[in-house]
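A short worksheet on the structure shown next.
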Amino acid sequence: MSRWNSFNRREFLSTAFGAAASFSIVPPGRRLLGELLHPQSKFAPLQFPEEFIWGAATASYQIEGAWAEDGKGESIWDRFSHTPGKVKGAATGDVACDSYHRYKEDVALLKALNLTSYRFSISWPRIQATGSGDPNSKGLDYYKRLADALLEAKIRPLCTLYHWDLPQKLEERGGWPNRDLVARFTDYVDITVRALGDRISHWCIFNEPWVFTFLGYARGIHAPSRKNFAECMRATHVVNIAQGQAFRAIKAINSKLQVGTAFSMAHCQPATSSDADRQAADRAHALGNVWFVHPALHGEYPKAFPGDNPLDLMGVKSGDMELCRAPLDFLGINYYRRQLVSAIPPGAGEDATGVHNFDAHDGPLTDFAWEIWPDGFHDLLMRIAHEYKTTPLEITENGCSYLDCPDEHGSIPDERRVQFMRGYLHGLGRALLHGANVRAYHHWSLLDNFEWAEGYAQRFGLTYVDFRTQKRTIKDSGHWYAKLASTGSLT
Ligand code: FCB
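In the working numbering, each residue carries its 1-based index in the sequence shown increased by 61.
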């Protein structure tokens, strides 16, 4: 079956323009929300461009299992999940989806879903058990086998170098707030890309730098479970330098490799139309969305505090901002929800930004209680496309948790996920129509998996995993997505 339909970009735009015209009758937000609440009603159909890439995403700790096999060292997530009280249901990633042993089955799933890009991550402690020293060839071999299986299936490997599983030994030496991590990380990146750069052409340096620094070092709800705002801010700066250095290390190996990062982003909407709330929403955007983008593309931090950014607290030294600079080849966007933002009097810790952000609950909620508001996705994409005009975008994650399980026939009827995807992909399609240069969409996730502090209590997969038997079953949403991926036609 042909991967692509026959539309080129221009035809897509004219088709989509027709679709947009029908949207102008009703305010788009209303219409989309109405659609989600009434799944039978129809969107105007959209045809995605022929070259658009459809994919799915996972991450090493969430799917691989084999936590202590073939020379792998302990990661901060092994330590965190093995510490009582940290993860719901005392769940761990010790086995997870056992993808370390079942990767061929997972590549076959991607193929069955007609996908042409797979975003996965490399576990650093599989490559360097303690975070430094000679590489573990068994670890590298696993990723070589995985990449070869993908290439054989004509699926583009999009590899993330760091999706949160820091070697525990490096945490014991200070973790991300310690500047030594820059050299350690660059060394790991150099080893890994030298070994795999012949097979893998597209790389994400980090996954969601805001999430692992803030949830791990300021709020303590993710590994390594620290609660110290100053350390968190230092970690953000170390990560920004590491991003720049890793970029240069990869380009030195092969300047043709395509390098970006997957950034977590939310549509930050002022809670009211007051000037104070609007300014607070801009600060929330600066810290939450582009704190790791702006230093790379413009060599400076965006303004995220009512006064000056706390550069001393962050340990910024002269010359550092040049190190942070990296002309990323693409920006990866992980988008899940919008945030409402109101201004508060600046206080201590995170409150120093004078921002209170909270989840909106105007739209329907997923089983994780995340609000569905596809317009937010469109608006965020338009803002990023406007602010960073020349850099192509890839959606590196977007998805929803629903707990649907097999019915008496063994199918998984998850109509709500289909409706979620229709809504968000329509938002994305309209952003393309309005000029955003988005070239790929990766659904989170290929498989139900270990959802961090939630353990196995959330199911984000296009494929249902029975964790007792490891049996995988494509959900109805997976079949729906497979059809979209082969035709590009969103109806
Ligand atoms: C993102 C993470 C990803 C997954 C989804 C639901 O923040 O990058 O690993 O857990 O959320």
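The beta carbon of each residue, even a glycine, is placed where N, CA and C say it ideally should be.
Within 9 Å, strictly: CB atoms of residue i and residue j
i: L348; j: L389; result: no
i: R240; j: I302; result: yes
i: G539; j: L523; result: yes
i: F353; j: L454; result: no
i: P435; j: Y485; result: yes
i: L507; j: Y179; result: yes
i: A29; j: H504; result: Residue 29 is absent from the model: the chain starts at 62 and stops at 552.
i: T253; j: P196; result: yes
i: L227; j: I137; result: yes
i: R478; j: D465; result: yes
i: A214; j: K172; result: yes
i: V168; j: V243; result: no
i: P331; j: P367; result: no
Element boundaries [beta strand (DSSP E), containing residue i]
i: I456; result: L454 to E458
i: C461; result: Per DSSP, C461 belongs to no beta strand (DSSP E) and is neither H nor E.
i: N418; result: V416 to D420
i: R398; result: F391 to A404
i: G116; result: I114 to A118
i: K205; result: Taken as a continuous stretch (DSSP letters only), K205 belongs to no beta strand (DSSP E), being part of the alpha helix (DSSP H) at S198 to E213.
Selected residue, minimal CA-CA separation from residue i, among the options
i: T548; options: V272, L174, G126 and R163; result: L174
i: R287; options: A332, G235 and L257; result: G235
i: P238; options: S121, A279 and R398; result: A279
i: L212; options: E233, S262, T253 and T247; result: S262
i: M294; options: W225, T427 and A413; result: A413
i: E458; options: F481, V499 and N395; result: N395
i: T333; options: A404, G258, Y161 and A256; result: A404
i: F203; options: D248, D226 and L257; result: Reading off the sequence shown, one finds Tyr at residue 203, where the question assumed Phe. Checking every option, the nearest Cα to that of Y203 belongs to L257.
i: E411; options: N370, K450 and T427; result: N370
i: M490; options: A514, E476 and I456; result: With the sequence shown as reference, residue 490 is identified as Gly, and Met is not the correct amino acid for it. Taking only the C-alpha atoms, the option nearest G490 is I456.
i: R309; options: D336, L384 and E292; result: L384
i: Y542; options: A284, V148, F481 and D343; result: F481
i: E166; options: K532, K536 and K544; result: K532
i: P487; options: I433, L318 and G471; result: Reading off the sequence, residue 487 comes out as His, not Pro. Minimum Cα distance to H487 is reached at I433.
i: T452; options: Q319, T119 and Y249; result: Q319
i: G277; options: A514, T530 and L426; result: A514
For residue i, the first and last residue of its enclosing alpha helix (DSSP H)
i: I124; result: S121 to I124
i: R444; result: P435 to E448
i: C385; result: D381 to C385
i: F308; result: F290 to I314
i: M482; result: E476 to L494
i: I137; result: I137 to S142
i: H359; result: H355 to H359
Same chain only: Cβ atoms within 7 Å of residue i, ignoring 5 sequence neighbours per side
i: F528; result: Y517
i: P467; result: I473, Y525 and T534
i: L231; result: G192, L242 and R245
i: V272; result: S325
i: Q306; result: V243, T247 and L384
i: H495; result: M443
i: S85; result: Bear in mind that the predicted position of S85 carries a pLDDT of just 26, short of 50, making it too unreliable to give a figure here.
Close Cβ partners of residue i (< 6 Å) along its chain, the five nearest in sequence each way excluded
i: D131; result: K199
i: F267; result: Y223 and T322
i: Q519; result: F429, S462 and E512
i: T221; result: S182, C265 and N268
i: Q340; result: none
i: S193; result: R245
i: L207; result: Y164
i: A345; result: C329, V402, V416 and N418
i: R91; result: At R91, the pLDDT of 39 sits below 50, so the modelled position is not reliable and the matter cannot be decided from this model.
i: P363; result: A347, V351 and H355
i: D336; result: none
i: P270; result: V300 and F353
i: D251; result: A310
i: C158; result: I124, L508, N510 and V526
Cβ-heavy atom distance, residue i to the ligand SAM, below 8 Å
i: G460; result: You won't find the ligand SAM in this model; what it holds is the ligand FCB.
Min CB distance residue i to chain B below 9 Å
i: L358; result: You won't find chain B in this structure, because it holds only one protein chain.
Beta-carbon proximity list for residue i, same chain, < 8 Å, skipping 5 on both sides
i: K205; result: A256, L257 and R260
i: R217; result: I114, G116, T177, S178, Y179, L211, S262 and H263
i: F521; result: G460, C461, S462, W505, S506, D509, N510 and E512
i: S121; result: F181, S182, I183, S184, R187, H224 and D226
i: G150; result: G516, Y517 and A518
i: A492; result: F438, H439, L442, M443, A446 and V499
i: A546; result: R64, W115, L174, N175, L176 and T177
i: E361; result: H355 and M382
i: A291; result: L374
At a cut of 8 Å, does the stretch 418–432 reach the stretch 352–371 through at least three beta carbon pairs? Result no; under three Cβ-Cβ pairs closer than 8 Å.
Counting pairs of beta carbons, one from the stretch 133–146 and one from the stretch 108–119, are three or more of them closer than 8 Å? With a cut-off of 8 Å on Cβ pairs, the stretch 133–146 is not in contact with the stretch 108–119, counting fewer than three such pairs.
Can we say the stretch 394–413 touches the stretch 324–340, given the rule of at least three CB pairs closer than 8 Å? Result yes; three or more Cβ-Cβ pairs closer than 8 Å.
Are three or more beta carbon pairs between the stretch 371–381 and the stretch 440–451 nearer than 8 Å? Judged by Cβ distances under 8 Å, the stretch 371–381 makes no contact with the stretch 440–451, as fewer than three pairs qualify.
Could you tell me whether the stretch 121–131 touches the stretch 153–172, using the rule of 3 or more Cβ pairs below 8 Å? Contact between the stretch 121–131 and the stretch 153–172 is present: three or more C-beta pairs spanning the two stretches fall below 8 Å.
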